[in-house]
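The block underneath contains the structure these notes are about, expressed in structure tokens.
Number of protein chains: 2
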Amino acid sequence: MARVVVDVMPKPEILDPQGQVVARALPRLGFSGVTEVRQGKHFELEVDDSVDDETLAKIAEGLLANPVIEQWTVRRVEA
Amino acid sequence: MARVVVDVMPKPEILDPQGQVVARALPRLGFSGVTEVRQGKHFELEVDDSVDDETLAKIAEGLLANPVIEQWTVRRVEA
Numbered sequence: 009m010a011r012v013v014v015d016v017m018p019k020p021e022i023l024d025p026q027g028q029v030v031a032r033a034l035p036r037l038g039f040s041g042v043t044e045v046r047q048g049k050h051f052e053l054e055v056d057d058s059v060d061d062e063t064l065a066k067i068a069e070g071l072l073a074n075p076v077i078e079q080w081t082v083r084r085v086e087a
Numbered sequence: 009m010a011r012v013v014v015d016v017m018p019k020p021e022i023l024d025p026q027g028q029v030v031a032r033a034l035p036r037l038g039f040s041g042v043t044e045v046r047q048g049k050h051f052e053l054e055v056d057d058s059v060d061d062e063t064l065a066k067i068a069e070g071l072l073a074n075p076v077i078e079q080w081t082v083r084r085v086e087a
């Protein structure tokens with residue numbers, strides 16, 4: 009068994025309304041110094057040792073991210 | 009300037025319907041060996057050097073996560 013983290017983020021050229029809302033709210037709430045916020049998705053998968061990196065890339069690209077507007081990273085972490 | 013990553017996940021005792029939908033879809037799509045999927049949020053913040061870890065914790069706990077049902081982690085990463 010292994011734990012795998014997939015992070016999915018809007019591509020840099022894609023507007024991120026959710027992140028912009030958070031960024032604009034921060035000064036109103038008394039937090040200064042945060043110049044940008046971008047919001048994406050974070051997945052944690054438990055996978056058998058039979059699942060190789062190529063399969064993980066297919067899962068990330070095909071099921072977890074929308075590759076037209078999102079980029080993704082896969083990494084294995086200590087369980 | 010520093011880049012900060014905040015990951016927000018449903019607490020272990022909280023059901024995660026979105027993650028369960030992904031987990032159930034995988035075998036149908038030909039991917040075996042993934043035993044659990046949990047879905048959360050991933051934030052990337054650009055912050056001034058004046059923003060300390062205590063402030064980042066307040067932002068994560070108060071604005072990015074719902075601490076009743078979610079747990080969060082903050083880490084600084086290389087820009």
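Quick note, the sequences are listed as chains A and B, same order.
Note that this note's numbering gives residue 32 to position 24 of the first sequence, counting from 1, and the numbers run on in steps of one.
Note that this note's numbering gives residue 41 to position 33 of the second sequence, counting from 1, and the numbers run on in steps of one.
Every residue gets a Cβ at the ideal spot worked out from N, C-alpha and C, and that includes glycine.
{"Item": "Touch test, the segment 75 to 83 of chain A against the segment 46 to 65 of chain B, Cβ-Cβ under 8 Å, three pairs minimum", "Value": "no"}
{"Item": "Alpha-carbon spacing of G70/B relative to E54/A, whole angstroms", "Value": "29 Å"}
{"Item": "Nearest neighbour of R32/B, chosen from R84/A, I22/A, I67/A [CA to CA]", "Value": "I67/A"}
{"Item": "Per DSSP, cross-strand counterpart(s) of D61/B", "Value": "Paired residues: none, contrary to the question."}
{"Item": "Residues, ordered as in the chain, of the segment 45 to 62 of chain B that lie near chain A by beta-carbon distance below 7 Å", "Value": "V45, R46, Q47, G48, K49, H50, F51, E52, L53, E54, V55, D56, S58, V59"}
{"Item": "DSSP three-state assignment for E69/B, whether helix, strand or coil", "Value": "helix"}
{"Item": "Beta carbon of F89/A nearer than 9 Å to that of V45/B", "Value": "A question about residue 89/A goes unanswered here, because the residues of chain A that appear run from 9 up to 87."}
{"Item": "Closer than 9 Å to chain B by CB, L23/A", "Value": "no"}
{"Item": "CA nearest to the CA of N74/A, picked from P18/A, Q47/A, A10/A", "Value": "P18/A"}
{"Item": "P35/B - containing alpha helix (DSSP H), residue span", "Value": "25 to 36"}
{"Item": "Contacting residues, own chain, Cβ-Cβ under 6 Å from A10/B (five flanking each side not counted)", "Value": "V55, R84"}
{"Item": "Simplified DSSP assignment, three categories, for K49/A", "Value": "strand"}
{"Item": "Opening and closing residue of the beta strand (DSSP E) in which V127/B lies", "Value": "Look at the range of chain B in this structure, 9 to 87, and you will see that residue 127/B is not part of it."}
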